[in-house]
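Counting in the numbering used here, the sequence shown runs without a single skipped number right up to 433 at its last residue.
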Amino acid sequence: MQNGQPPAPFGRSASSAAAAATATDPPERSHRHGMETLAKVASLICAAGAGIGAATGLMSPEDGVLTGIIVPVTAGAVLATAIACGWQSIHTAAVRVRTPLSYVAVTAAGLALSAATIGASSWAIATVLSGHAAMRQHMSVTATQHQQALDAAWAQARGEAAMIDAVSTANAELRAMSEMEASGGIVSKHGKGSGPNSAILAAGADGYARLAEAMRSAQDDAVRIYAQGSTALGQMRASVHADPEAYSRATAAVETAVAALNAFRLTDLANKAGLINVEVWSQGDVVQSVRSGAEKVSEKVLHRGKEIAQARQMVAVPVYAPLEPREATWTYAGGAAAGGWITAIAIDLIPFLFAGLLLGTQAPGRLDEPVPQRKSDDGERRSGEAASAAAPAQPMFWPRPVRPA
C-alpha cells in the first residue's frame with residue numbers, strides 16, 4: 029500500500045491498471061450519434077416500404093408465377109436495397125459536410141431520392157391507409173350519378189303525359205262534332221241530321237278514347253318502372269358499406285330502369301294511330317266537309333306529338349365500373365384518399381427530414397457534446413465513490429494462517 033492506496037494487483041503496475049480501467053469504460057454517447065442512428069433506421073423502414081409498394085404495383089398473379097410474382101418481388105427487393113444504400117450514404121455524408129458545395133450536393137441527392145421513394149411507395153401506403161374509404165366514395169358517387177340519371181329519365185317520361193291531354197281533347201272534339209251532326213247536320217252542312225255521318229265521327233272519337241286509355245296504361249307502367257328504380261337506388265346506398273354484390277345487383281336494376289324510361293314514348297302510339305279518315309256515304313261537298321273537320325282534329329294531335337318528340341332528350345344510361353382499392357386511391361386522391369396520400373408522403377420524407385437536421389446542426393458544440401446524465405444517476409455514482417474511498421483498503425493476498433505447534 030502506497031500513500032494510503034491499495035496495492036496494484038500482482039504483476040501489474042498502477043498506471044497499467046488505471047489505463048485498463050479507462051479502456052473498459054463505455055464511450056460517451058452524443059446527440060448527433062443518436063440522430064444518425066435514427067436516420068438510418070428510418071431510411072431502412074422507408075426503403076422496405078418502397079420495395080413493398082413497387083412489388084405490389086407490379087404484381088399480377090394472372091400472368092403466371094414467374095412474370096406475375098417472382099419478377100415483381102425481385103424488382104421490389106432490388107429497389108429497396110438501392111434506396112436503403114442511397115439513404116445510408118446521404119446520412120453518412122450529411123454528418124461530414126464542411127463546404128457549401130457539399131451542402132448543395134447532399135441536399136440535391138436527398139431530394140432526388142425522396143422523389144424516387146415517394147413514387148415507389150406512397151401509392152401503396154396510401155392504398156393501405158385509405159383504399160377502402162376511396163372505394164366507398166366511388167360507390168357513393170356512382171349512386172349519385174345513377175340517381176341523377178333516373179330522375180332525368182323520369183322527368184323526360186313525364187313530359188309525354190301531354191300527349192294524353194292532346195288525345196283526350198281530340199276525343200272530346202270528335203264526340204261534340206258527332207252530337208252536332210246528329211242533331212242538325214251542322215258538321216256536314218247537310219241541313220238536317222245525318223245518322224251515318226254522326227256514327228263515323230263517334231267511331232273516330234271512340235278510337236281516340238281507346239288510344240288515351242292505352243297511353244294511360246303505358247304511363248302506369250312507367251310509374252312502376254320508376255318506383256322499381258327508386259327502390260333499387262335505395263338498395264345501392266344501403267349496400268355501400270356492406271355488400272358489394274348486392275350493390276352491383278341494385279346498380280344493374282337502376283340502369284335497367286333508366287333504359288326502360290328512355291324507351292317510354294307515348295308519341296309513338298299517336299303516330300301509329302295516324303289520321304282519322306272519315307268516309308261517309310254522301311258525295312261531293314258533304315263528304316269533304318266532314319272529312320276536313322275530322323282531319324283538323326287529327327292533325328292537331330299529330331302536331332302536338334311532333335312538338336313533344338322534338339323536346340324529348342335521351343338520358344345517358346350510367347354504367348357502374350368497379351374499381352380496385354389501388355385504382356380508387358388514385359382516382360379519389362383529392363377526396364377520401366387525401367389523408368392516406370398525405371400520410372404516405374410524410375412517411376417517405378422522414379429520411380430527408382433527418383438528413384436536413386444533420387445538415388443544419390453542423391455548428392461545433394451543439395450536438396457533439398455528451399448526453400448529460402440524470403441527477404439521480406449522478407448522485408448514486410458519487411455516493412458509491414465516497415463509500416469506496418471510506419472503506420479500508422483490502423490487500424490483494426491474505427497471509428497464510430500459522431498453525432500452532
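Using N, Cα and C, we set each Cβ at its ideal position, and we do this for glycine too.
Model, not experiment: these values are computed from the prediction.
Bounds of the alpha helix (DSSP H) holding Gln173 are Trp151 to Gly187.
Distances from the alpha-carbon of Met208 to those of Ala189, Val195 and Ile228 put Ile228 closest. The beta carbons of Thr197 and Tyr348 sit no closer together than 7 Å. Residue state for Ser88 is assigned as coil, using DSSP reduced to three classes. The way I'd put it, the segment 353-362 doesn't touch the segment 114-123; fewer than three beta-carbon pairs between them come closer than 8 Å. Under the three-state reduction of DSSP, Met342 is assigned to coil, being neither helix nor strand. Gly81 is positioned such that its CB atom lies no closer than 7 Å to that of Ser88. Separation of Trp151 and Cys74 (C-alpha to C-alpha, rounded to the nearest whole angstrom) is 13 Å. With a minimum length of 4 residues, the unbroken runs of alpha helix (DSSP H) contained wholly in the segment 346-397 fall at 353-359, 366-376 and 378-388. With a 10 Å radius around the Cβ and a threshold of 16 neighbouring Cβ atoms, Pro128 comes out exposed. When the Cα atoms are used, Ala365 and Leu289 turn out to be separated by approximately 36 Å.
Contact annotation, Arg164 with His269: C-beta distance approximately 6 Å; criterion of less than 8 Å satisfied. Under the three-state reduction of DSSP, Ala137 is assigned to helix.
Residue burial is scored here from C-beta neighbours: Glu64 has at least 16 other C-beta atoms within 10 angstroms and is therefore classed as buried. DSSP, reduced to helix, strand and coil, places Asp271 outside both helices and strands of the structure shown, so it counts as coil. In the DSSP annotation of this structure, the continuous segment of the alpha helix (DSSP H) that includes Val123 starts and ends at Val99 to Arg124.
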